[in-house]
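Enquirer:
Residue numbers (our numbering), protein chains in the order written: chain U, 1 to 183; chain B, 184 to 587.
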């Protein structure tokens, strides 16, 4: 059975840049990408937003993970519309971007690595540093990675969503997993 | 000429179930987990759901997610979602509503005459008022028959009833903790609209008329929620000997927005049991689960062990369980299959089994239609020389429901 492939955005990027197959800035894929944000509201209310869209590139010594937001979905159409139009302003700011210095990424040629790395998230037209916890596993010529970090909507100038008396908390957990095949 | 004793036993049992069917139903849609709602608080004023008024947010969701929408689904909630179809705007702190449910009922018990009738299942008004962190809620309704344990007027029929009335205080700013006292629906198991499921009747924990007076503490933090209630008895039942006293609780953990697992427990003592009229210690406990593998489908199940110690009448150890699949191929249109098993624990009692096929259509704002077909094979214990047996029961129920 095919092994489940996971990587965090940062981890992914990181994993991708490891000394094994990843060292030359060429990535095929990523595949099996899954980006999830988890917001919470009052009294245990949870909201998950998901998108399979993710791209990994290398630019000037940085690994850049770009998540287009157009297909981000919470499972409720009206909520998605509010999220994209009113809060994230997707037409104006179509993507979220995580940038991590390539040099900060350490990944052994084989096995699994787990750690934390500093990066920057660009969202809603604003950039803010984040600490990304990641794990990455070498799989053949590629890497499966998973990573997560937390952002605060206020840091990015996003209006905290509130609808008919239910207000979402500003902290949002973001995680991503994907598989990248190195050249 | 009298029917054989086992038939009379089965008819009595089914008649009891029929009375339960005749009783009212409120909102309780635990399959809303398909939209990521693992808890009840965003939509219901009762933090454990299934009873009382909807919040303004809940009313909007009933329009956006519950009923069939005939236009663009990304449009805002219609103004008709409000109280009285939006004709009477109310402040956010005043949450009121009402329910009217009428049904046509057909019940065929093997070896007994067909029983058919139209039933007023529910005619209730209810409200929940919030001032700062303080809360007060209550309901008032009329029932032509049944629901005697919620009766305010104490007549054999045509009663005014109050299913719940309580005051409380929210212990934090977001309503994650609620301490309340009064007549409250017992915290136990999945709060299903199908309040006559055996898991609800055997444990006496439905949302219909089995509420008890007492004090409860509800909490919901992150992925965990639950409620613990100290039961002081049902003060709408007299005399005091008939009142249950004890504890009831549930805890539910939602590791994901499409999965929730929980466990319930209940222990009570009554000097005289309402059914058996002797001292009764009742215990019940069991797990429950809700899971939505894909949005159109929700699977729910609950299994409870039920134990009674009846003075001079021995001990009974039985169970009640159900599993239900809810398929919503088109928003607002539900097809449900439900299977149940029960054994009351009477000596020599064979298991009772049944199967439901149901369809519900939330066709208009505040309006839904429902059809249930239920086939039951009711286990009849050996009685006075008659061997243990099963009696077949076929029930049809067509309902019209409107809420204000």
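All residues carry an ideal CB built from backbone N, CA and C; glycine is no exception.
Taking just the CA atoms, how far does residue 214 of chain B sit from residue 324 of chain B?
Expert: For the purposes of this step, residue 324 of chain B is identified with residue 141 of the second chain, where counting begins at 1. For the purposes of this step, residue 214 of chain B is identified with residue 31 of the second chain, where counting begins at 1. C-alpha separation (whole angstroms): 27 Å.
Enquirer: Do the region 417-425 of chain B and the region 331-338 of chain B touch if we need at least three Cβ pairs shorter than 8 Å?
Expert: Because the criterion of three Cβ pairs below 8 Å is met, the region 417-425 of chain B and the region 331-338 of chain B touch.
Enquirer: DSSP beta-bridge partners for residue 134 of chain U?
Expert: By one-based count along the first chain, residue 134 of chain U stands at place 134. Partner(s): U/115, U/147.
Enquirer: Do you know offhand how far residue 55 of chain U's Cα is from residue 508 of chain B's?
Expert: Residue numbering aside, residue 55 of chain U sits at position 55 when the first chain is read from its first letter. Residue numbering aside, residue 508 of chain B sits at position 325 when the second chain is read from its first letter. So the two alpha carbons sit approximately 38 Å from each other.
Enquirer: Which residues bound the beta strand (DSSP E) around residue 510 of chain B?
Expert: Your numbering for residue 510 of chain B matches position 327 in the second chain. Unbroken beta strand (DSSP E) run through residue 510 of chain B: 497-513.
Enquirer: For residue 173 of chain U, return the contacting residues in chain B, with the cut-off set at a CB-CB distance below 8 Å.
Expert: For the purposes of this step, residue 173 of chain U is taken as the residue at position 173 of the first chain. Here the premise fails: no neighbours, minimum Cβ distance about 11 Å.
Enquirer: May I ask which residues mark the beginning and end of the beta strand (DSSP E) holding residue 490 of chain B?
Expert: Counted from its first residue, the second chain places residue 490 of chain B at position 307. From DSSP, the beta strand (DSSP E) with residue 490 of chain B extends over 480-493.
Enquirer: Using a Cβ-Cβ cutoff of less than 8 Å, which residues in the same chain neighbour residue 237 of chain B once the five nearest sequence positions on both sides are dropped?
Expert: As a working mapping, residue 237 of chain B is identified with position 54 in the second chain. So the qualifying residues of the chain are 210, 226, 227, 228, 245, 278, 280.
Enquirer: Can you pull the chain U neighbours of residue 248 of chain B, defined as C-beta to C-beta under 8 Å?
Expert: Here residue 248 of chain B refers to the residue found at position 65 of the second chain. Here the neighbours are 76.
Enquirer: Name the residue from B/440, B/426, B/493 whose alpha carbon lies nearest to the alpha carbon of residue 474 of chain B.
Expert: Residue 474 of chain B sits at position 291 when you count from the first residue of the second chain. Ranking B/440, B/426, B/493 by Cα distance to residue 474 of chain B puts B/440 first.
Enquirer: Between residue 33 of chain U and the rest of its own chain, which residues show a CB-CB distance below 6 Å, the 5 nearest in sequence each way excluded?
Expert: Position 33 of the first chain holds residue 33 of chain U. Only 52, 54, 178 meet the Cβ criterion.
Enquirer: Can you check whether the C-beta of residue 319 of chain B is within less than 8 Å of a C-beta belonging to chain U?
Expert: Position 136 of the second chain, counting from 1, holds the residue named residue 319 of chain B. No, because no Cβ of chain U sits closer than 8 Å to the Cβ of residue 319 of chain B.
Enquirer: If the cut-off is 7 Å on Cβ atoms, which residues from the region 477-503 of chain B count as contacting chain U, listed in chain order?
Expert: So the close ones are 478.
Enquirer: Please report the straight-line C-alpha distance between residue 42 of chain U and residue 168 of chain U, rounded to a whole angstrom.
Expert: In the first chain, residue 42 of chain U corresponds to position 42, counting from 1. In the first chain, residue 168 of chain U corresponds to position 168, counting from 1. Computed Cα separation, rounded: 7 Å.
Enquirer: Once you ignore the five residues that flank residue 129 of chain U on each side, which residues in its own chain have a CB closer than 6 Å to its CB?
Expert: By one-based count along the first chain, residue 129 of chain U stands at place 129. So the qualifying residues of the chain are 120.
Enquirer: Rounded to the nearest angstrom, what separates residue 562 of chain B and residue 139 of chain U at their Cα positions?
Expert: Numbered from 1 along the second chain, position 379 holds the residue referred to as residue 562 of chain B. Numbered from 1 along the first chain, position 139 holds the residue referred to as residue 139 of chain U. So the alpha carbons of these two residues sit roughly 58 Å apart.
Enquirer: Quick one: what does DSSP say residue 395 of chain B is sitting in, helix, strand or coil?
Expert: Walking along the second chain from the start, residue 395 of chain B turns up at place 212. DSSP places residue 395 of chain B in strand when its eight states are reduced to three.
Enquirer: Given residue 565 of chain B, which residues of its chain have a CB within under 7 Å of its CB, disregarding the five upstream and five downstream residues?
Expert: The residue you call residue 565 of chain B lines up with position 382 of the second chain. So the list reads 531, 571, once near-sequence residues are dropped.
Enquirer: Could you give the residue range of the beta strand (DSSP E) that holds residue 79 of chain U?
Expert: By 1-based counting over the first chain, the position of residue 79 of chain U is 79. No beta strand (DSSP E) contains residue 79 of chain U, which is instead part of the alpha helix (DSSP H) from 77-81.
Enquirer: By alpha-carbon positions, which one of U/122, U/171, U/100 ends up nearest to residue 68 of chain U?
Expert: The residue you call residue 68 of chain U lines up with position 68 of the first chain. Checked all of U/122, U/171, U/100; the closest Cα to residue 68 of chain U is U/122.
Enquirer: To the nearest angstrom, report how far apart residue 288 of chain B and residue 30 of chain U are at their CA atoms.
Expert: Reading the second chain from its first residue, position 105 is the one you call residue 288 of chain B. Reading the first chain from its first residue, position 30 is the one you call residue 30 of chain U. Rounded to the nearest angstrom, the two C-alpha atoms are 58 Å apart.
Enquirer: Residue 49 of chain U CB to nearest chain B CB: under 8 Å?
Expert: Taking the first chain and counting its residues from 1, the one referred to as residue 49 of chain U is at position 49. It does not; no Cβ of chain B falls within 8 Å.
Enquirer: Give the residues of chain U in contact with residue 236 of chain B, contact being defined as C-beta atoms less than 9 Å apart.
Expert: To locate residue 236 of chain B, count along the second chain from 1; it is residue 53. Ordered by position in chain U, no residue passes the 9 Å Cβ test against residue 236 of chain B, which lies about 13 Å from the chain.
Enquirer: Examine chain U for any beta-carbon lying closer than 8 Å to the beta-carbon of residue 409 of chain B, and answer yes or no.
Expert: Taking the second chain and counting its residues from 1, one reaches residue 409 of chain B at position 226. No, residue 409 of chain B lies away from the interface with chain U (no Cβ there is under 8 Å from its Cβ).
Enquirer: In chain order, what residues of the same chain have a beta carbon less than 6 Å from the beta carbon of residue 498 of chain B, not counting five sequence neighbours either side?
Expert: Start at 1 with the first residue of the second chain, and residue 498 of chain B comes out as number 315. Closer than 6 Å at the Cβ level, and outside the excluded window around residue 498 of chain B, lie 492.
Enquirer: Among the candidates B/550, B/558, B/365, B/534, whose CA atom is the shortest distance from the CA of residue 540 of chain B?
Expert: Here residue 540 of chain B refers to the residue found at position 357 when the second chain is read from its first residue. When only C-alpha atoms are compared, the closest one is B/558.
Enquirer: Could you name the residues of chain U that residue 404 of chain B contacts, counting a contact when the two beta carbons are closer than 7 Å?
Expert: Translated into positions along the second chain, residue 404 of chain B becomes position 221. Those within 7 Å of residue 404 of chain B in chain U are 44.
Enquirer: Say whether chain U places a C-beta atom closer than 8 Å to the C-beta of residue 218 of chain B.
Expert: To locate residue 218 of chain B, count along the second chain from 1; it is residue 35. Closer than 8 Å to some Cβ of chain U, the Cβ of residue 218 of chain B qualifies, so yes.
Enquirer: Output needed for residue 533 of chain B: all residues of its chain with C-beta closer than 7 Å, excluding positions within five of it in sequence on either side, in chain order.
Expert: Taking the first residue of the second chain as position 1, residue 533 of chain B is located at position 350. Same-chain partners within the cutoff: 562, 571, 573.
Enquirer: Does residue 245 of chain B come out as helix, strand or coil in the three-state DSSP assignment?
Expert: Mapped onto the second chain, residue 245 of chain B falls at position 62. The answer is helix: DSSP assigns residue 245 of chain B an H, G or I state.
Enquirer: Are three or more beta carbon pairs between the region 359-373 of chain B and the region 409-417 of chain B nearer than 8 Å?
Expert: Touching, yes.
Enquirer: In chain U, what lies closer than 9 Å to residue 440 of chain B by C-beta?
Expert: What you label residue 440 of chain B is simply residue 257 of the second chain in a count that begins at 1. In chain order: 38, 46, 47, 48, 75.
Enquirer: Helix, strand or coil: how does DSSP classify residue 287 of chain B here?
Expert: Position 104 of the second chain, counting from 1, holds the residue named residue 287 of chain B. Strand.
Enquirer: For residue 386 of chain B and residue 276 of chain B, what's the separation of their Cα atoms in angstroms?
Expert: Within the second chain, numbered from 1, the residue matching residue 386 of chain B stands at position 203. Within the second chain, numbered from 1, the residue matching residue 276 of chain B stands at position 93. One C-alpha to the other measures close to 34 Å.
Enquirer: The beta strand (DSSP E) spanning residue 360 of chain B covers which residue range?
Expert: Numbered from 1 along the second chain, position 177 holds the residue referred to as residue 360 of chain B. Residues 360-367.
Enquirer: Which of helix, strand or coil does DSSP assign to residue 139 of chain U?
Expert: Within the first chain, the letter at position 139 stands for residue 139 of chain U. If DSSP states are grouped into helix, strand and coil, residue 139 of chain U belongs with the strands.
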